[in-house]
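Chains as they are written, first to last, in our numbering: chain A, 192 to 379; chain B, 4 to 416; chain C, 56 to 586. The C-beta atom is built at its ideal place from N, Cα and C for all residues, glycine as well. Okay, structure first, notes after.
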């Protein structure tokens, strides 16, 4: 659908494109973290790209990613299972930015892969104001830090909450009582 | 719309009202919500006010966070339908449809959904859209002091809820749509009842519009309040009635036609100023356009199956499940293991009551989603509230908030 | 959990290349077509075939078409040949397999809602994935006995049996005892015990695992828990020094059964009945809170009291005895041995006495300690309890810190221990000497912590935390760390991984061994691998 966008990105940013894929009508482009801002700026400002609408931000925690095909055997066609690496330095998180162009009616999903030990990336809120709360939500749920975000606080949960609930290693049935700690408010 | 608007006096910017000779004053923090009579949905706003003027409004959602995504990661694809009902609980059918379409996309069966099921999905979605808009407009009018439209609209909404109850068995939390079709067929004579109710609804619309459209109090509270420019609305990701009120010509049903929406004629109303009055007018017009779609769909709905003919997706009939081992196993595998969805990720979006309602599902070959993210329009729109509040009066929060139509379940997930 | 992947291709002469559904597979000579198909991702349905048993080819569920062969061949029995061309998706073989399933289901009772195998049933899986068609017959089903007591652990439901004979072969080939047989023919064929026999052998419960349906059920497990509601966590059996690889099946912090996990180097597909029942002890007599003088205490007070008592002893360290445990994990033993070194204390090892009658040359061995080899590697100089007893009796030992609840010493020594002022137990269970200890610190049992044990062959195997330990219990190494910080020794372990790193840097035979992935419980209904 947006193949020309992918081609343009490959031509202009060659090395910074880690992978491209097509997922059910959406083009998915995985980019290097240090080039994210440059690529995003290009996507927004270039008239042929004109991605003017921020759609959503979320992350995928690959910790339990073991895709299975027929009879429970590993699915050879899918992305391989997550490998934590001996130093826990596997690329555990994938942050997704879904963009849409109102003018050209095309869509694109930008992805950045992050290590557990280094889960931060540049914020795109300065480019698209609508990503403000979405990035806060991703921070709240996955503990991924967006550098340059104007107001990176928890959004659904309270400041005293320990852990990041949508990480795969956060137990579904874990309970934590809210113990007010005024010293924590807004301090992250 | 614009000609009506010229009748209304231009509204002075609040900032200009400041008097040089005002008494010394300082900023004050006021806590609005999370439980407040003028807030539908539990949301807290920490206002920093300069007298009556809002300097900063820190909107804090999350009081209704029920871990939709975490729960979804531990439930089979079918078990998630009841959770989607509780996202936008004013128009659950649309959530049902959007979610089902996302799973169908991953399964690769989108093209095989029976036509009758697609028509039913459109019909219940549009009925839901009307209930959504009726609630939004009625409640907002009530909060501005017009209690009668609220009663009229809620009465009409109840007619529609009763219709949906006849279809699904539940007044509000329908869980009606299934992966591969819909749960059951429309009851006999249902479409005729729908037509009766639509005719009655038209009469109610006339009554309410007469009460509100030229009502001086209502217009004064709405016109020029909470205006947002088209460029800002785009950058903030606004869609749906709010985005269209700001002049963004985007309706998923028109721009990316899904289901059988491409076969119907309907118009997408657009506003010019992006203020609360435009948001109101867009919603009123959308109710009428939904009725148009409903009448076309009711006339064109074909006969046929309502569920895909695929043993791996569709549940067997109950009688067979009780009496043959084959159907029993199939039933069992469906309920216990869930529908096996191949590994991959898909983003599907539909036009929800409030805007682009998207489901981003990552499957890993098992019977449950590895990740099930919902792009909820309420959340996106509420994030713009702080920007819209700025420099308005505290009293303006009521119409702005009403027209943003924050639905707690959807916003807080 | 899926089986271990096959070994990478060795030199060509030992291998043959064949084509299955157009895909080229290179497999070792002697492999059967069914296994060869697996290597290229093709699933052929089968009931009687089991990779750990001899080939019976009696279920006819795995028929495939082999070119130049006029009849369909059972792929489990068909050995691969060079240049062989196999079809599994052609009309003839697909129809044959579908009809076999339909045939099998003709007399299968509608038992899924009350069947213990439901959710992990091979018949269910094959029907759903390979047939998924409606029944074409409505004659009454053949009735057979529903509750047959076969032996001390197993009940048979003959109606559910699909006559695959896997259980007969398990008894013959794994246990080496002919205890099961088939009787009658046709749709009256039925599983029964051999004349004069009961299904009673040390490996009998493996028949329940291999049963593709719910015909054989374990008395211990039946009607207690639905299989699909369980979570699975890989672990190692603590019953003896073999270290059979297991899976703990648990729900809401409670283990419900142990099943073997395939490991060709240790236990193959099997484990013994005795080992399976070791899970029950996870809930018995557990020490859940720290105690001081027999009364509950906070961790803080308990370790402070312990530190004060230890500080009152002479500094040369000779008066302190630290007893490691051959029942506890490498990590716990290493942590305690390290603390002992800081004190310059004497090291001992407690181990359960051997049970010679267990040894059968198969999986069961006489040594019932899961980690004797591990402790020997960690503390090669540690003495056994004979010296410990002498020390206690002569008064050379005046303080004891011990791990676990097994302290097999004489009554006299135990009585003397009770008079000691400073006896500190780090224990999972509140038993025997733990009750006598002045200070007892609760630690996690084998199912509750990430740890490792070393089997008799010196193989270090990982266990994973299935659920949280009861009450205030913490992993053993963490209890040691708390005790150490109370006495002023420095340890810097934030997790079992850190202890492992420290240990593999110190203990020579394990140098550089990787910690690997910490596996968390996997919901069986979504694992897609059972049945």
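- Which residues does DSSP pair with residue 302/A in a beta bridge? According to DSSP, residue 302/A shares a beta bridge with 221/A and 287/A.
- Interface residues of the region 351 to 374 of chain A facing chain C [CB-CB below 7 Å]: Going along the region 351 to 374 of chain A in chain order, one finds 360 with a Cβ nearer than 7 Å to chain C.
- Message: Suppose you measure from the CA of residue 20/B to the CA of residue 366/B; what does that come to, to the nearest Å?
- Response: Any reading at residue 20/B needs caution, since the residue's pLDDT is 49, under 50, leaving its predicted position unreliable; the model's value is listed next. In a straight line, the C-alpha of residue 20/B is about 56 Å away from that of residue 366/B.
- Item | Cβ contact check for the region 459 to 476 of chain C and the region 377 to 393 of chain C: 3 or more pairs under 8 Å | Counting C-beta pairs with one atom in each stretch, the region 459 to 476 of chain C and the region 377 to 393 of chain C have three or more that are closer than 8 Å, which means they touch.
- Does residue 507/C get closer than 8 Å to chain B when you measure Cβ to Cβ? No, residue 507/C does not count as interfacial toward chain B.
- Task: Could you tell me if residue 31/B is buried or exposed, where buried requires 16 or more neighbouring beta carbons within 10 angstroms of its beta carbon?
- Result: Here residue 31/B is exposed, its C-beta having fewer than 16 other C-beta atoms within 10 Å.
- Name, going along the chain, the residues of the region 383 to 396 of chain B whose beta-carbon falls closer than 7 Å to a beta-carbon of chain A. Flagged, chain order: 383 and 386.
- Message: Please report the straight-line C-alpha distance between residue 266/C and residue 178/C, rounded to a whole angstrom.
- Response: Whole-angstrom Cα-Cα distance: 10 Å.
- In whole angstroms, what separates the C-alpha of residue 259/B from that of residue 86/C? The alpha-carbon separation between residue 259/B and residue 86/C amounts to approximately 53 Å.
- Grab me the residues of residue 116/B's own chain with a C-beta within less than 7 Å of its C-beta, minus the 5 sequence neighbours each way, in chain order. Counting only residues of its own chain and dropping the five nearest sequence neighbours on each side, residue 116/B has a CB closer than 7 Å to the CB of 107, 183, 184 and 311.
- Task: Please go through the same chain and pick out, in chain order, the residues whose beta-carbon is closer than 8 Å to the beta-carbon of residue 197/B, but skip the five residues on each side of it.
- Result: Excluding residues up to 5 positions away in sequence, 126, 130, 166, 297 and 301 lie with their Cβ nearer than 8 Å to the Cβ of residue 197/B in the same chain.
- Thinking C-beta only, is residue 566/C closer than 8 Å to residue 296/C? No.
- Query: From residue 577/C to residue 262/C, what distance separates their C-alpha atoms?
  - Reply: The alpha-carbon atoms of residue 577/C and residue 262/C are separated by roughly 24 Å.
- Taking Cβ positions only, does residue 579/C come closer than 8 Å to chain A? Taking a beta-carbon distance threshold of 8 Å, residue 579/C does not count as an interface residue toward chain A.
- Item | Residue range of the alpha helix (DSSP H) that includes residue 411/B | 411 to 415 is the span of the alpha helix (DSSP H), which, as asked, contains residue 411/B.
- Message: Looking at chain B, is there any beta carbon in it that lies within less than 8 Å of the beta carbon of residue 183/C?
- Response: Yes, contact with chain B.
- Query: Applying a beta-carbon distance threshold of less than 8 Å, which residues of chain A neighbour residue 152/C?
  - Reply: Within 8 Å Cβ-Cβ: nothing; residue 152/C doesn't reach chain A, min ~14 Å.
- What residues in the region 211 to 244 of chain A bring their beta carbon closer than 7 Å to a beta carbon of chain B? Cβ contacts with chain B: 214, 215, 217, 243 and 244.
- Pairwise C-alpha distance: residue 214/C and residue 199/C: C-alpha separation (whole angstroms): 5 Å.
- Query: Of all the options 170/C, 115/C, 136/C and 162/C, which has the alpha carbon lying nearest to the alpha carbon of residue 149/C?
  - Reply: Considering only alpha carbons, the answer is 115/C.
- Message: Give me the chain B residues within the contact set of residue 293/A, using Cβ-Cβ distance strictly less than 9 Å, ordered along the chain.
- Response: In chain order, 237, 251, 252, 253 and 258 make up the part of chain B whose C-beta sits under 9 Å from the C-beta of residue 293/A.
- Message: Output needed for residue 175/B: all residues of its chain with C-beta closer than 8 Å, excluding positions within five of it in sequence on either side, in chain order.
- Response: Excluding five sequence positions before and after residue 175/B, the CB atoms of its chain that fall closer than 8 Å to its own CB belong to 88, 92, 95 and 164, given in chain order.
- Item | At least 3 beta-carbon pairs within less than 8 Å: the region 369 to 383 of chain B vs the region 341 to 356 of chain B | With the cut-off at 8 Å, the region 369 to 383 of chain B and the region 341 to 356 of chain B touch.
- Item | Below-8 Å beta-carbon distance, residue 260/A vs any chain C residue | At least one C-beta of chain C is nearer than 8 Å to the C-beta of residue 260/A.
- Which residues in the same chain have their Cβ closer than 7 Å to the Cβ of residue 151/C, if we skip the five residues on either side of it in sequence? Within the same chain, Cβ atoms closer than 7 Å to the Cβ of residue 151/C are found at 118 and 127, the five residues on either side in sequence being excluded.
- Thinking C-alpha only, which one of 247/A, 254/A, 198/A and 240/A is nearest residue 316/A? Taking only the C-alpha atoms, the option nearest residue 316/A is 247/A.
- Task: Return no unless some Cβ of chain B is closer than 8 Å to the Cβ of residue 208/A.
- Result: In terms of beta-carbon proximity, residue 208/A stays away from the interface with chain B, with every pair separated by 8 Å or more.
- Query: Does DSSP put residue 8/B in a helix, in a strand, or in coil?
  - Reply: Reliability of the predicted coordinates at residue 8/B is poor, the pLDDT of 40 falling under 50, and the value obtained from them is presented with this limitation in mind. Residue 8/B falls in the helix class under three-state DSSP.
- Message: Taking 8 Å as the threshold (beta carbon to beta carbon), is residue 266/C in contact with chain F?
- Response: Of the protein chains in this structure, namely A, B and C, none is chain F.
- Message: Relative to the C-alpha of residue 533/C, which candidate in 503/C, 186/C and 236/C has its C-alpha closest?
- Response: Among 503/C, 186/C and 236/C, the Cα nearest to that of residue 533/C belongs to 503/C.
- Query: Which residues, in chain order, does the region 344 to 365 of chain B contribute to contact with chain A at a C-beta distance below 9 Å?
  - Reply: Within the region 344 to 365 of chain B, the residues whose Cβ lies closer than 9 Å to some Cβ of chain A are 345, 346, 347, 348, 349, 350, 351, 352, 359, 361, 363 and 365, listed in chain order.
- Message: For the pair the region 214 to 232 of chain B and the region 396 to 404 of chain B, tell me if three or more CB-CB distances fall below 8 Å.
- Response: Taking 8 Å as the limit for Cβ pairs, the verdict is that the region 396 to 404 of chain B does touch the region 214 to 232 of chain B.
- Message: Within the continuous alpha helix (DSSP H) that includes residue 34/B, where are the two ends?
- Response: Element bounds for residue 34/B: not the alpha helix (DSSP H) but the beta strand (DSSP E), 31 to 35.
- Message: Run through chain A and tell me which residues come within less than 7 Å of residue 374/B, C-beta to C-beta.
- Response: Here the neighbours are 251.
- Item | Minimum C-alpha distance to residue 573/C - residue among 484/C, 331/C, 288/C and 186/C | Looking at 484/C, 331/C, 288/C and 186/C, the one whose alpha-carbon comes closest to that of residue 573/C is 288/C.
- Message: So, for residue 515/C: in the same chain, excluding its five sequence neighbours on each side, which residues have a beta-carbon less than 8 Å away from its beta-carbon?
- Response: In chain order, 385, 429, 507, 508, 509, 565 and 568 place their CB closer than 8 Å to the CB of residue 515/C, counting only its own chain and leaving out the 5 sequence neighbours on each side.
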